[in-house]
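Numbering (numbering that gives the first Met the number 0), first residue to last: 0 to 148. Note that beta-carbon positions come from the ideal geometry of N, C-alpha and C, so glycine has one too. Keep in mind it's a predicted model, so treat the numbers as computed, not measured.
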Amino acid sequence: MEPLQQQMNKRRPMAEINVVPYIDVMLVLLIIFMVTAPMLVQSVPVNLPDVDSTPTEIDPEDTTLMITVSADGLYYVERGEDDPQPMSLTAVTDYAGTLLKAEAGTRFMIRGDEAVPYGRVVLLMGNLQGAGITNVGLVTEAPDPEARP
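This is the structure we're talking about:
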């Protein structure tokens with residue numbers, strides 16, 4: 000009768016819940032949402048500064064690429080050169096994409112002349128986004144306090 004009693008003790012129902020599979024499922028779902036959430040945005044993300052905003056501090060240790068759109072619609076890449084040369088939109092996009100691959104933490108800043116059509120700046124931002132660049136900022140000047148009405 001003793002072996003029968005030992006067999007009964009071994010088949011006792013387990014009162015514990017194993018939560019490890021649930022944690023695995025939750026982590027997989029979290030990764031899926033983290034990957035798909037940025038893909039839901041269909042526009043170019045831009046944070047335009049307010050009139051009385053504080054200037055952005057640029058750390059000299061950070062890599063920053065300044066792209067200028069002149070009044071005549073030409074693109075210039077300013078990167079420590081004395082006299083930047085005009086470039087085509089494709090050349091600017093290729094250069095920026097290559098720089099991003101070489102230095103992943105690069106910040107991209109766009110200076111657009113106020114006389115340039117807004118579409119030229121948006122076209123540049125769209126091409127940069129198409130090249131995988133998401134860290135793009137717009138450079139403005141602070142308004143002259145004496146010029147306010």
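Asked                                                                                                                                 : Found
Tell me which same chain residues have a C-beta within less than 6 Å of the C-beta of Glu140, skipping the five on either side of it? : none
What residues in its chain sit with their C-beta under 8 Å from that of Ala114, if we drop five residues either side in the sequence? : Ala70
What residues match up with Thr63 in a beta bridge as DSSP calls it?                                                                  : Arg106
How far does the alpha helix (DSSP H) with Gly136 in it reach, from first residue to last?                                            : No alpha helix (DSSP H) contains Gly136, which is instead part of the beta strand (DSSP E) from Val135 to Val138.
Quick test of your reading: Tyr74 and Leu137, contact by CB under 8 Å. State the CB separation rounded to the nearest angstrom.       : That belief does not hold up - the Cβ atoms of Tyr74 and Leu137 are roughly 15 Å apart, past 8 Å.
Within 10 angstroms of its Cβ, does Thr67 collect 16 or more other Cβ (buried), or is it exposed?                                     : buried
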